[in-house]
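Every number in this note's numbering is 3 more than the matching position in the sequence shown, counting from 1.
Glycine is no exception: its CB is placed at the ideal position from the N, C-alpha and C atoms.
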Amino acid sequence: KELEAKQTSAAQAAEKMKAFKVERSRFYFQKENYGNDQPILDISVENGTDKAVARVFFKGVIASPGRSVPWFSDVFNYKISGGLEPSEKANWKLAPNRYSDWGKLEVPADAVFTVTVTGL
4 KELEAKQTSA AQAAEKMKAF KVERSRFYFQ KENYGNDQPI LDISVENGTD KAVARVFFKG
64 VIASPGRSVP WFSDVFNYKI SGGLEPSEKA NWKLAPNRYS DWGKLEVPAD AVFTVTVTGL
């Protein structure tokens, strides 16, 4: 019974994560006057859950169509100032440290940045 309860709980959590949608994701470098260019994770989301969300966990993958191995994959999270209420949308331009692995990327023009929700 305990296992069944955990399985049900996990299934409900997975459905809730599906309801928090990433509508658009884009990765690019913003030119800087000095030093390395700034990597930008441009993400548009919608909270389709029935609860406010204060933090969201993501997995970001940069890959080219037709390639079986991605150029880059990493997990990250974002603390939402004031939270995101049910049915609210937001657009975030996250700027990881330019000296991190995100800042060292060299990806071809056809690469696609895909973001999935891994936790709320």
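Asked, Found
"Going by DSSP, what residue range makes up the beta strand (DSSP E) through Leu123?", "Counting along the chain, Leu123 falls outside any beta strand (DSSP E), and DSSP gives it neither H nor E."
"Check the C-beta distance from Lys54 over to Pro89 and give it rounded, since I have them as a contact under 8 Å.", "7 Å"
"Between the Cα of Lys82 and those of Ser76, Trp74, Ala66, Ala93, spot the shortest distance and give me the residue it belongs to.", "Ala93"
"Which residue spans inside the region 30-60 form an unbroken beta strand (DSSP E) run of at least 3?", "41-50"
"Exposed or buried, what is Pro111 when buried is set at 16 or more other beta-carbons lying within 10 Å of its beta-carbon?", "exposed"
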